[in-house]
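Quick note on numbering: numbering that gives the first Met the number 0 labels position 68 of the sequence shown as 67, and the sequence is numbered without any gaps. Shown next, in structure tokens, is the structure this report addresses.
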Amino acid sequence: MSSSQSQQRRTELDFLDPSAVVESRTRSGRRREPPSANTSHRLGFEKRNTYPTAFNAVFSAAIRPERLHRNNLPAAPKNWQEAMQHRYAEDWKAAARKEWDQIYRVKQSVAVTTLQEAINDVGPNGILPLMWVFTYKFNKNGILQKFKARIVVRGDLQPRGELNAYASTLAGRSFRMLMAVAARFDLELRQLDAVNAFLHSKIDELVYVRFPQGFGRPGFCLKLLKALYGLRRSPFLWQRDLSAGLKDLGLEPVPDDPCVMTNGWLTLFFYVDDISMLYRIRDAARVEEFLAKLTQRFHIVDLGELQWFLGMRILRDRKARKLWLVQDAYWEKLYSRFNLSEVGKRHFKT
Numbered sequence: 000m001s002s003s004q005s006q007q008r009r010t011e012l013d014f015l016d017p018s019a020v021v022e023s024r025t026r027s028g029r030r031r032e033p034p035s036a037n038t039s040h041r042l043g044f045e046k047r048n049t050y051p052t053a054f055n056a057v058f059s060a061a062i063r064p065e066r067l068h069r070n071n072l073p074a075a076p077k078n079w080q081e082a083m084q085h086r087y088a089e090d091w092k093a094a095a096r097k098e099w100d101q102i103y104r105v106k107q108s109v110a111v112t113t114l115q116e117a118i119n120d121v122g123p124n125g126i127l128p129l130m131w132v133f134t135y136k137f138n139k140n141g142i143l144q145k146f147k148a149r150i151v152v153r154g155d156l157q158p159r160g161e162l163n164a165y166a167s168t169l170a171g172r173s174f175r176m177l178m179a180v181a182a183r184f185d186l187e188l189r190q191l192d193a194v195n196a197f198l199h200s201k202i203d204e205l206v207y208v209r210f211p212q213g214f215g216r217p218g219f220c221l222k223l224l225k226a227l228y229g230l231r232r233s234p235f236l237w238q239r240d241l242s243a244g245l246k247d248l249g250l251e252p253v254p255d256d257p258c259v260m261t262n263g264w265l266t267l268f269f270y271v272d273d274i275s276m277l278y279r280i281r282d283a284a285r286v287e288e289f290l291a292k293l294t295q296r297f298h299i300v301d302l303g304e305l306q307w308f309l310g311m312r313i314l315r316d317r318k319a320r321k322l323w324l325v326q327d328a329y330w331e332k333l334y335s336r337f338n339l340s341e342v343g344k345r346h347f348k349t
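Set out below in structure tokens:
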């Protein structure tokens, strides 16, 4: 390897160095106190500059309640600055590092390039910004499972081109029909998740983006190699590649909904990266074989029995062959969003 290549590789590796994470400061240069933090959490932040980082991580974990419920958590941060001043700033930072590592190193979805090269290709206004989306992930009981950070392209600033950007989504009537069929014939319902779904698809246009906040170096930007969330054509590219992969495995779309595919003994339906399967128990062995082939093509996680879909909870009485679609989680979210706790909750029959 030449000296110039070695220097370039060292420069690229710098972008993955944890020290590349830059914590945001206020305009006055003073760091804000984390909002609504209790005494024990403030202690964790005040000690940060006194003790080693590893000690602080263990210390913070020790004082945190073991089981955090959605009702006891502060609102998720809306941007990088809020994340760095949040009660759980270290957790959000760790989630951000994991997301960046997936995009840059694992999936190799971007290539580092100079800012001048990008300006020469698309002009100074053609480089799109990236933004962070921070969310909590809960289990079916509302208990916190993980902190999730996602890098999203500001696709609303992307010029509209002539390339196709339309992606169909599962029709509501199709989903309700499939649930009715599953209940009537006592079929198995199984849920899959495509991890970082859009990163499976290569893009076919020239797109430059800036580094996400907290990472990067002055004078550099990123050239997209694969689809990122927020890009106009990302949903189309993912659906195209997923549908092609399913066809290669023997499935065909039904006439009225391209998001429902079947081969006679297996029916699969999807809404972007949420994938579900419908089949008889006698075909379980064939389904396992199909799933093994599918996971060779895409990074798929088997979530087991279908219990949630697009925010709806799915309850079944298999002996009675009945199924309910419950939206209590949505109702709880409305209560929290509009501060309706003072009004008093009303319980509805499911």
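Think of the CB as a built atom: it goes at the ideal place given N, C-alpha and C, for glycine as much as any other residue.
Cβ shell of residue i (< 8 Å), same chain only, five flanking positions each side left out
| i | result |
| --- | --- |
| Arg279 | Phe184, Leu186, Glu187 and Trp264 |
| Tyr165 | Phe235 |
| Thr112 | Tyr207, Phe219, Cys220, Leu221 and Lys222 |
| Val325 | Met311, Arg312, Ile313, Leu314 and Thr349 |
| Leu72 | Tyr135 and Leu143 |
| Lys106 | Asn195, Leu198 and Lys225 |
| Leu333 | Leu339 |
Outcome for residue i when other beta-carbon atoms lying within 10 angstroms are tallied against a minimum of 16
| i | result |
| --- | --- |
| Lys225 | buried |
| Met350 | Any property of residue 350 remains undetermined from this structure, which presents the chain solely from 0 to 349. |
| Glu81 | buried |
| Pro76 | buried |
| Asn116 | According to the sequence displayed, residue 116 carries Glu and not Asn. Under this definition Glu116 is an exposed residue. |
| Leu339 | exposed |
| Asp272 | buried |
| Phe337 | exposed |
| Lys92 | buried |
| Met178 | buried |
| Glu32 | Any answer about Glu32 is weak, because its pLDDT of 43 lies below 50 and its placement is not dependable; what the coordinates show is given next. Counting Cβ neighbours within 10 Å, Glu32 comes out exposed, since fewer than 16 surround it. |
| Gly122 | exposed |
| Leu127 | buried |
| Asp90 | buried |
| Gly366 | Since the first residue shown for the chain is 0 and the last is 349, residue 366 is missing from the structure and cannot be characterised. |
| Val350 | Since the displayed the chain opens at 0 and closes at 349, residue 350 lies outside it and no answer follows. |
| Met83 | buried |
Residue closest to residue i, alpha-carbon to alpha-carbon, out of the options
| i | options | result |
| --- | --- | --- |
| Gln190 | Phe337, Val300 and Arg231 | Val300 |
| Ala148 | Gln157, Ile126 and Gln212 | Gln212 |
| His199 | Arg209, Tyr228, Phe214 and Leu177 | Tyr228 |
| Lys292 | Trp330, Glu116, Lys246 and Lys106 | Lys246 |
| Asn124 | Val286, Arg209 and Tyr270 | Arg209 |
| Leu156 | Asn78, Phe297, Leu129 and Ala328 | Leu129 |
| Leu267 | Lys139, Ala284, Phe174 and Leu143 | Phe174 |
| Phe269 | Phe133, Arg239 and Ala328 | Arg239 |
| Asp255 | Tyr87, Ala319, Gln84 and Leu169 | Leu169 |
| Arg86 | Asn78, Ala74, Lys97 and Arg96 | Ala74 |
| Asn163 | Trp237, Pro252 and Asn140 | Trp237 |
| Asp120 | Phe197, Asn70 and Glu204 | Glu204 |
| Trp131 | Leu114, Ile118, Lys139 and Lys97 | Lys97 |
| Arg216 | Ala88, Leu114 and Trp330 | Leu114 |
Residues of its chain near residue i, where Cβ-Cβ distance is below 6 Å and the 5 sequence neighbours each way are ignored
| i | result |
| --- | --- |
| Pro257 | Ser167 |
| Thr38 | Low confidence applies to Thr38: its pLDDT is 34, below 50, so where it sits in the model is not reliable, and the reading given next is rough at best. So the list is empty, once near-sequence residues are dropped. |
| Asn262 | Gly249 and Leu250 |
| Thr294 | none |
| Ser27 | Here Ser27 scores only 42 on pLDDT, less than 50, and its place in the model should not be relied on; the value that follows carries that caveat. Closer than 6 Å at the Cβ level, and outside the excluded window around Ser27, lies no residue. |
| Leu67 | Leu143 |
| Pro252 | Met260 |
Integer Cβ distance of residue i from residue j, believed to fall under 8 Å
| i | j | result |
| --- | --- | --- |
| Leu230 | Gly154 | 5 Å |
| Arg232 | Ile202 | 7 Å |
| Ala182 | Leu302 | About 20 Å; that fails the 8 Å criterion. |
| Ser275 | Leu305 | 5 Å |
| Arg296 | Gly244 | 5 Å |
Other residues of its chain near residue i: CB distance less than 7 Å, five sequence neighbours each side excluded
| i | result |
| --- | --- |
| Ala94 | Phe146, Lys147 and Ala148 |
| Phe289 | Leu248 and Leu265 |
| Gln101 | Asn195 |
| Val286 | Leu265, Met276 and Tyr278 |
| Ala328 | Gly310 and Arg312 |
Contact test: residue i Cβ vs the ligand MN heavy atom, cutoff 6 Å
| i | result |
| --- | --- |
| Cys258 | With respect to small molecules bound, the structure shown includes none, and the ligand MN cannot be examined in it. |
Q | Minimum length 4: unbroken alpha helix (DSSP H) runs contained in the stretch 65-89 | A | 79-83
(Q) Report the start-end ranges of each alpha helix (DSSP H) in the stretch 155-194 that is 4 residues or longer and not cut off at the edges. (A) 171-183
Q: Quick one: which unbroken beta strand (DSSP E) runs of 3-plus residues sit fully inside the stretch 259-322? Chain order, please.
A: 265-270, 273-278, 299-304 and 311-316
Q) Fully enclosed by the stretch 217-253, which alpha helix (DSSP H) runs are 4 residues long or longer? A) 233-247
**Q.** Complete beta strand (DSSP E) runs within the stretch 87-145 (minimum length 3 residues, chain order)
**A.** 109-113 and 129-137
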